[in-house]
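S.K.: Before anything else, here's the structure in question.
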């Protein structure tokens, strides 16, 4: 019998995770209650199958409105409630995730591994009230999941060693590189990335350098994109939500969100997806300066030092090993070789 994985949520991350699992040979139940999203999901699956030259993706992924039975690629009835792994990828709301996990715990086998793709919430808090909390774990994929090699494997206080080992094996079968991290705000990647964004915005607020100057200096320093163009690409709302979550859970001032970003989000200027963020995309792609000024270069040097300091603190605090932190910076955010500990 083919192995089955349940993915809850048919958004960008959920559909991407479903593709990853299907490429690895698993049957996938992609649970999405909003039937209006089905056409979008099917188009994404078709494009992914074409890109991967793997038409089997379309056969292995079944979109279902709720957990239950469907037909496997072999033509047999497949009871998805027998799945041994479920990955939740619903919006970042603690109450919603807890509700999903309670439902999964009730419908899947008692030893099924329950994973959350949360990027900013506590795995331990999500597991509260779930029968068998020792099997709840974080599997944080990065966007887009089929292309990004890194997965953060996050263990809560009650996560068992057996669950960690099972999760590690799944990540390996997915063809990904797993890094182990403790259940702390931001895990590895989102914590070491905070100085990249926050210090750039604070330097801009102080008038030390321009948006284009800072972005150019970052590219000259080896980063694939500057902080402002990357925030525009990700979405200012998404980036802000992560900063707010890390700050709310730590109350550490260096993680405090910046007023200018909150203002842009409140005004609906979220980056590329709305046509305007730190750059204006309404008429043509935003032009970027090709030369770096000395002031912007100093901003980037300070930023690099802060990223490395943050990475070292993760190791000192026992969040992750130096090897895992370096791997996460390489594969999760593609920082240049000089940004290592």
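Residue numbers (the numbering used here): 41 to 381. For glycine and all other residues, C-beta sits at the position ideal for the given N, C-alpha and C.
If I follow the unbroken beta strand (DSSP E) through residue 233, where does it start and stop?
M.R.: Neither: residue 233 is in no beta strand (DSSP E) and is coded neither H nor E.
S.K.: Quickly, what does DSSP pair residue 195 with across the bridge? List them, please.
M.R.: In DSSP, residue 195 forms a bridge with 177 and 222.
S.K.: Taking only three categories from DSSP, how would you classify residue 102?
M.R.: Note: residue 102 maps to strand in three-state DSSP.
S.K.: Ordered along the chain, which non-local residues of its own chain (more than five positions away) have a Cβ less than 7 angstroms from that of residue 203?
M.R.: 153, 174, 175 and 177.
S.K.: According to DSSP, is residue 378 helix, strand or coil?
M.R.: Here residue 378 sits in coil by DSSP.
S.K.: Where in the stretch 251-278 do unbroken runs of the alpha helix (DSSP H), each at least 4 residues long, occur, reported from the N-terminal end onward?
M.R.: As far as the stretch 251-278 is concerned, its whole alpha helix (DSSP H) runs of at least 4 residues are 251-260 and 267-274.
S.K.: State buried or exposed for residue 292, treating a residue as buried only when at least 16 other CB atoms are found within 10 Å of its CB.
M.R.: Classification of residue 292: exposed, given that the 10 Å Cβ count is below 16.
S.K.: Pull up the CB-CB distance for residue 101 and residue 228, whole angstroms please, since I reckon it's below 8 angstroms.
M.R.: Between residue 228 and residue 101 the Cβ distance is about 29 angstroms, and since that is not below 8 angstroms, they are no contact.
S.K.: Taking the beta strand (DSSP E) that residue 128 falls in, what are its first and last residues?
M.R.: That run of the beta strand (DSSP E) goes 125-128.
S.K.: Might you give, ordered along the chain, the residues of its own chain that have their beta carbon closer than 6 angstroms to the beta carbon of residue 167, omitting 5 neighbours on each side?
M.R.: The answer, listed in chain order, is 173, 176 and 196.
S.K.: Based on Cα-Cα distance, which residue from 208, 180, 223 and 301 lies nearest to residue 243?
M.R.: It is 301 whose Cα lies nearest to the Cα of residue 243.
S.K.: Between the alpha carbons of residue 337 and residue 235, how many angstroms are there, rounded?
M.R.: Their Cα atoms are separated by approximately 15 angstroms.
S.K.: If contact is defined by three or more beta carbon pairs under 8 angstroms, each pair taking one atom from either stretch, is the stretch 275-294 in contact with the stretch 210-219?
M.R.: As far as the Cβ criterion goes, the stretch 210-219 does not touch the stretch 275-294, which means the pair count is below three.
S.K.: Can you give me the start and stop residues for the beta strand (DSSP E) that residue 17 sits inside?
M.R.: This structure does not reach residue 17, given that the chain is present from 41 up to 381, and the question cannot be answered.
S.K.: Which one of 241, 205, 307 and 224 has the shortest CA to CA distance from residue 339?
M.R.: Comparing Cα positions, the closest option is 241.
S.K.: Looking only at C-alpha atoms, which of 103, 254, 370 and 61 sits nearest to residue 185?
M.R.: Considering only alpha carbons, the answer is 61.
S.K.: Considering only residues of the same chain and omitting the five flanking positions on each side of residue 88, which have a CB-CB separation below 7 angstroms?
M.R.: If we look at residue 88 and ignore the five residues flanking it on each side, its Cβ neighbours are 59, 97 and 186.
S.K.: Taking C-alpha atoms, which residue in 371, 372, 370 and 351 lies nearest to residue 362?
M.R.: Cα-wise, what sits closest to residue 362 is 351.
S.K.: Please report the Cβ distance between residue 81 and residue 103, rounded to the nearest whole angstrom; I am assuming they are in contact, meaning their Cβ atoms lie under 8 angstroms.
M.R.: The Cβ separation is near 6 angstroms, so the contact holds.
S.K.: Quick check on this structure: which residue in 246, 226, 48 and 161 has the alpha carbon closest to the alpha carbon of residue 148?
M.R.: The candidate whose alpha carbon is nearest that of residue 148 is 48.
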